[in-house]
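Numbering (our numbering), first residue to last: 247 to 401.
Think of the CB as a built atom: it goes at the ideal place given N, C-alpha and C, for glycine as much as any other residue.
The structure presented is a predicted model; accordingly, all values stated were derived computationally and were not measured.
What follows is a single structure, written as structure tokens, with notes after it.
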């Protein structure tokens, strides 16, 4: 005849071990400073979004600041909004940007640097808007609605 004690002990241990596993992860990250964005870039270009695809966009290069692009346009992975960061608005053809790029290790596709989209900087009226985080009371951010025809999603 088998004893019930070993089975009870095993079940109790599994229940206890289950309480040690967090039920929700606290997503945290540190924004890259402007210096870090510049220093870690493989390619820095100015240009315009010409086409938006489901997970990438086509970027027509107007000027190369750093590096050597493989042509006059690039396919760049879109920043995907997540719990701690989101892009200022949706991707729309015509948006003009200064982008600081690196190639992903997983598939060698170009992507803007930073977990908070720090490597994509909009250009409006020849002014580059550095995305450094929430800037309370900075009225210039309202220009995004006028220029990009979409509501702000951050800042």
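Helix, strand or coil at residue i according to DSSP, with G and I counted as helix
i: residue 321; result: strand
i: residue 283; result: helix
i: residue 376; result: coil
i: residue 328; result: strand
Close-in-space but distant-in-sequence residues of the same chain around residue i (CB under 6 Å, 5 per side omitted)
i: residue 260; result: Because residue 260 sits at a pLDDT of 38, beneath the cut-off of 50, its placement in the model cannot be relied upon, and the point is left open.
Residue i Cβ short of 7 Å to the ligand NAP heavy atom set
i: residue 303; result: In the structure shown, the ligand NAP is absent, as is every other ligand, since no ligand is present at all.
Close beta carbons around residue i, own chain, < 7 Å, minus the five adjacent residues each side
i: residue 364; result: 277, 278, 283, 377
i: residue 302; result: 321, 322, 323, 324
Host beta strand (DSSP E) of residue i (start-end)
i: residue 358; result: 356–358
i: residue 297; result: 289–298
i: residue 345; result: 342–349
i: residue 302; result: 302–312
i: residue 366; result: 366–370
C-beta neighbour in chain C for residue i, strict 8 Å
i: residue 294; result: Note that chain C does not occur in the displayed structure, where there is just one protein chain.
Give a yes or no on contact between the region 292–304 and the region 332–351, applying the rule of three or more CB pairs nearer than 8 Å.
Counting Cβ pairs under 8 Å, three or more are found: they touch.
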